[in-house]
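With the first letter of the sequence shown counted as 1, position 19 gets the number 19 in the UniProt record's numbering; the numbers rise by one all the way through.
Data block below; observations after.
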Amino acid sequence: MEEVREDRLKARMSEDGESAEQEDVWGGSDEEPDEPQKEIMRRTTKSILASPNPAQLEMGILANHGGDKRFAFLRDVDGGNGNGLGGLSEA
1 MEEVREDRLK ARMSEDGESA EQEDVWGGSD EEPDEPQKEI MRRTTKSILA SPNPAQLEMG
61 ILANHGGDKR FAFLRDVDGG NGNGLGGLSE A
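Here it is, written out as structure tokens:
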């Protein structure tokens, strides 16, 4: 069933003129992020945790920078609790 879904997605993407690489949020890499990316992650997480309304700040970041791969770690790509921080903003 998953194969059928993947085939349909690929067909739709080719109709829209998109490539499968554009779908990959992480840029095709499962490696550790480089140092500038780690710094963005640290600063963003620190800001979210210090915010009086962390969920609102996280949604604002995603609304303004959702297409930016540097902020892909905020997205819920693993089907977890609704945020990419693994529940950090709920602390």
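Glycine residues also receive a C-beta, built at the ideal position from the N, C-alpha and C atoms.
| Item | Value |
| --- | --- |
| contact_flag[the stretch 61 to 78, the stretch 31 to 50] where n(CB pairs < 8 Å) is 3 or more | yes |
| V4 versus A11 - alpha carbon distance | 11 Å |
| G60 (DSSP reduced to helix, strand or coil) | helix |
| Assigned secondary structure, D76 (DSSP; H/G/I helix, E/B strand, else coil) | coil |
| Nearest-angstrom Cβ-Cβ length linking M41 and P33, presumed shorter than 8 Å | 7 Å |
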